[in-house]
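Peer 1: Taking full-length UniProt numbering, the leading residue of the sequence shown gets 1, the next gets one more, and so forth. Even glycine gets a Cβ: it sits at the ideal position worked out from N, Cα and C.
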Amino acid sequence: MENEPTRLKRWEFRKKKKLEKRREKRQLNAKQHETPKVTAPTNETEKALEQQDYLKAKAMWEEREEKFHMLAMAKKAAREKQEKAKALSQKRWQDTLLNLPLMPPNFTVDKKSTLKTFVQSNQEPVISHRKTYRERFLEKKFASDKK
């Protein structure tokens, strides 16, 4: 009996296996996401090739940057031209409106015509007041108290 290995309880065994699987998965993911070590080129030819690649990439970047700059300048020029055209058309429109001949008014005020004015009436307006539920209740209560 002393040489017999102790058996784990079922839930302990399953928990242990589950934790082992998780650990293995984490270690596998860590190995996959490990950043490769960049080693410096050792001989002169590798250094020369790397320098050429760098210069080529730099030239391509500068070319793209120049194209971007040219596009931005063209957009800016088009926007300024459009704003000038808009301002000019607005100014022409305002000048046209200000130079329109005004027609003489069609109406005249004669001494014969009387202007209508509002006159306040002397009579009190008749507005029927609707009684609320409370008022009707109190009226009934007082009427029943008087009887």
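Quick check: the Cα distance between N29 and P36, rounded to an integer number of angstroms?
Peer 2: Each residue's alpha carbon lies about 14 angstroms from the other.
Peer 1: Could you have a look at S89 and say whether DSSP puts it in helix, strand or coil?
Peer 2: Three-state DSSP puts S89 in a helix.
Peer 1: H129 by DSSP, collapsed to three states: which one?
Peer 2: H129 falls in the coil class under three-state DSSP.
Peer 1: Just mark M1 as buried or exposed, buried being the case when its beta carbon has 16 or more other beta carbons within 10 Å.
Peer 2: Here M1 scores only 48 on pLDDT, less than 50, and its place in the model is too uncertain to base an answer on.
Peer 1: If you reduce the DSSP assignment to three classes, tell me which class N29 lands in.
Peer 2: Helix at N29.
Peer 1: Below 8 angstroms on the Cβ atoms is my guess for L8 versus K21; work out the distance and round it to an integer in Å.
Peer 2: So it is not a contact: roughly 16 angstroms between Cβ atoms.
Peer 1: According to DSSP, is S144 helix, strand or coil?
Peer 2: Three-state result, S144: helix.
Peer 1: From the beta carbon of A74, is the nearest beta carbon of chain C less than 7 angstroms away?
Peer 2: Considering every chain present, this structure includes no chain C. It has just one protein chain.
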